[in-house]
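Peer 1:
In the UniProt record's numbering, the protein residues as written are 1 to 506.
If you want it as structure tokens, here you go:
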């Protein structure tokens, strides 16, 4: 998140002439609050100038129709109502009154917060059960209430804490630059106020599709009219001696992150096993705590499989500039006390170890219920499984992606949230195709990497700009078609690529 800065642009209480507002956006202020004027056709609107997710500058974003898209993490807002219509933002923007005096536009005060646009229920079920307390489950529950659904919502989570902003666990919070109160997706009282029955530390044992209920570990059966499976993924744990020791960690939950932070207190050296996005973000966060970090990975280049060789080399060099020591093409065969034995022979001393070797989708419930499985829970374009009234979203869902033309499953936070939002509307009877372009971001020190689309294979990477200069756009192509794009400090261009992909699949 960014710190608050002094107000920018003209004082909108004094007004601006139409001639001073030739484009689609103009940043100004009312008192000490930044306000963004946005033009859509002949209309001009005024909204908060910063994204409600991480305070991104909307003036640097993109206006599409009656929406504005945040340049940082691609949240989307309705400029008429301020509603956060697409994750990762959930809180609305304030909307300001726009007045006209001759050829001047004047903004003096906020409007009463408009209500979200509600489609209305076509087929409102009485009871909805959500299994999972992560991104998709939370987003579905929140959207159901935003769409004025008044039936029962029960949300079953195996975690100890209410839904949190999981990407922050490997980034600012782990680095020590963000307080814990940044993490909850909503305050605790949200669930009570919204009449969402959130049950933490709750294990679901089975689903009875014939009786339409879920059975909890204690034997209680909860009936449902609609069911969302959002069970997410669990970290892969290496089957090596010593991996079960208390100073060997994975990172998935808030408790996992707290345990790593406790181990880091007073530590001198850490070993991170896995050169994945999570592994490298952990490495960067631990370097921010001035801990010596060794990264062990099987690959020859970090992130090459997703980003290609040039970006992989850049990421490695970036981490090495910050003191990370790599042991690539290697693996840990045993952790003996605080000594990690490498297959190649060397032994690394480590006060603690973090495993970042990937995750696997939690499919047991879906398999036990007899739902169609294809390296994930198979869903249709509306995210409904082979079981009527049962939907799946997030890390477990494999869906028909109109952009790549393939059935894909991705483990991206924003995708999970947007799928949850789509499921909510479809549970209320709307036949809404999930066609959002996949998006994720990764942070490495002061370098953000944005990625839109999905490319498991490509035959060309077109590079525009300088990767080493931290100003670039990489387009991953197959047969001249752009399947995905990765960028560094090309935020507006990244948004434009996403919107172009969206329109191409429409």
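All C-beta atoms, glycine included, are put in the ideal place defined by N, C-alpha and C.
1. With a CB to CB cut of under 7 Å and the five nearest residues on each side skipped, what residues in its chain are close to residue 377?
2. Short of 8 Å in beta carbon distance, which residues of its chain neighbour residue 192, apart from the five on each side in sequence? Order them along the chain.
3. Quickly, what does DSSP pair residue 477 with across the bridge? List them, please.
4. Are at least three pairs of beta-carbons, each pair with one atom in the region 65-74 and one in the region 489-501, less than 8 Å apart?
5. If we count the other Cβ atoms within 10 Å of its Cβ and call it buried at 16 or more, is residue 281 buried or exposed?
6. Tell me the rounded alpha-carbon separation between residue 1 and residue 105.
7. Smallest Cα separation from residue 252: which of 291, 20, 269 and 169?
8. Output needed for residue 502: all residues of its chain with C-beta closer than 6 Å, excluding positions within five of it in sequence on either side, in chain order.
9. Just checking, does the region 93-113 make contact with the region 27-39 on the three C-beta pairs under 8 Å criterion?
10. For residue 225, which residues of its own chain have a beta-carbon under 6 Å away from its beta-carbon, when the five flanking residues on both sides are left out?
11. Whose C-alpha, out of 98, 309, 22 and 421, is nearest the C-alpha of residue 134?
12. By Cβ distance, which residues of its chain are closer than 7 Å to residue 66, with the 5 residues on each side in sequence left out?
13. How big is the Cα-Cα spacing for residue 357 and residue 263?
14. Is the beta carbon of residue 58 less than 7 Å from the beta carbon of residue 49?
15. Return the CA-CA distance between residue 504 and residue 498, expressed in angstroms with no decimal places.
16. Does DSSP put residue 182 in a helix, a strand or coil?
17. Starting from the Cα of residue 204, find the closest Cα among 130, 142, 291 and 90 and give me that residue.
18. Going by beta-carbon coordinates alone, are residue 510 and residue 286 separated by less than 7 Å?
19. Quick check: the Cα distance between residue 149 and residue 139, rounded to an integer number of angstroms?
20. Tell me where the alpha helix (DSSP H) around residue 190 begins and ends.
21. Exposed or buried, which one is residue 237 when buried takes at least 16 other CB atoms within 10 Å?
22. With three or more beta-carbon pairs closer than 8 Å as the criterion, would you say the region 264-271 touches the region 337-351?
23. Which of helix, strand or coil does DSSP assign to residue 2?
24. Residue 404 by DSSP, collapsed to three states: which one?
25. Does residue 168 come out as helix, strand or coil in the three-state DSSP assignment?
26. According to the Cβ coordinates, are residue 542 and residue 187 closer than 7 Å?
27. Confirm, please, whether the CB-CB distance from residue 394 to residue 369 is below 7 Å.
28. Determine whether the beta carbon atoms of residue 428 and residue 121 lie at a separation below 7 Å.
29. Exposed or buried, which one is residue 360 when buried takes at least 16 other CB atoms within 10 Å?
30. If you follow the alpha helix (DSSP H) that residue 282 is part of, which residue opens it and which one closes it?
31. Could you pull out every residue in the same chain whose Cβ sits closer than 6 Å to the Cβ of residue 482, ignoring the five residues on either side in sequence?
32. Between residue 430 and residue 119, how many whole angstroms is the CB-CB distance? I'm expecting something under 8 Å.
33. Identify which residue in 314, 28, 88 and 18 has its Cα closest to the Cα of residue 52.
34. Would you decide whether residue 19 is buried or exposed? Buried here means 16 or more other CB atoms lie within 10 Å of its CB.
35. Starting from residue 260, trace the alpha helix (DSSP H) in both directions and tell me its first and last residue.
Peer 2: Concretely, from the data shown:
1. Cβ within range, chain order: 229, 363, 366, 371, 385, 392, 396, 397 and 398.
2. If we look at residue 192 and ignore the five residues flanking it on each side, it has no Cβ neighbours.
3. As DSSP reads the structure, residue 477 sits in a beta bridge with 460 and 482.
4. Yes, the region 65-74 touches the region 489-501.
5. Buried: at least 16 other Cβ atoms inside 10 Å.
6. Any reading at residue 1 must be qualified, since the residue scores a pLDDT of 45, below 50, and its modelled position is unreliable; the value itself is stated next. Between the alpha carbons of residue 1 and residue 105 lies a gap of roughly 31 Å.
7. Taking only the C-alpha atoms, the option nearest residue 252 is 169.
8. Taken in chain order, the residues that qualify are 437.
9. The region 93-113, when compared against the region 27-39, does touch it at the 8 Å Cβ threshold.
10. Within the same chain, residue 225 has close Cβ partners 125, 126 and 127.
11. Closest by alpha carbon: 421.
12. Scanning its chain for C-beta atoms nearer than 7 Å, with the 5 sequence neighbours on each side dropped, one finds around residue 66 the residues 40, 78, 79 and 80, in chain order.
13. One C-alpha to the other measures close to 19 Å.
14. Yes, they are a contact pair.
15. Straight-line Cα distance between these residues: approximately 10 Å.
16. Helix.
17. Ranking 130, 142, 291 and 90 by Cα distance to residue 204 puts 130 first.
18. Residue coverage of the chain in this structure runs from 1 to 506, which leaves residue 510 outside it and unanswerable.
19. Each residue's Cα considered, the two are about 14 Å apart.
20. Residues 189-193.
21. Its Cβ having fewer than 16 others within 10 Å, residue 237 is exposed.
22. As far as the Cβ criterion goes, the region 264-271 touches the region 337-351, which means the pair count is three or higher.
23. With a pLDDT of 46 at residue 2, under the threshold of 50, the modelled position of that residue is not reliable, and no figure is offered here.
24. The answer is coil: DSSP assigns residue 404 none of H, G, I, E or B.
25. The answer is helix: DSSP assigns residue 168 an H, G or I state.
26. Nothing about residue 542 can be read from this structure; the chain reaches only from 1 to 506.
27. Going by C-beta atoms, residue 369 is not nearer than 7 Å to residue 394.
28. A contact, by the Cβ cut-off of 7 Å.
29. Residue 360 comes out exposed.
30. Counting along the chain, the alpha helix (DSSP H) containing residue 282 begins and ends at 277-288.
31. Closer than 6 Å at the Cβ level, and outside the excluded window around residue 482, lie 475.
32. With 8 Å as the limit, residue 430 and residue 119 qualify as a contact, their Cβ atoms being about 6 Å apart.
33. It is 88 whose Cα lies nearest to the Cα of residue 52.
34. Sixteen is the threshold: since fewer than 16 other Cβ atoms of the shown chains lie within 10 Å of the Cβ of residue 19, the residue is exposed.
35. Looking at the DSSP string, the run of the alpha helix (DSSP H) that includes residue 260 is 254-264.
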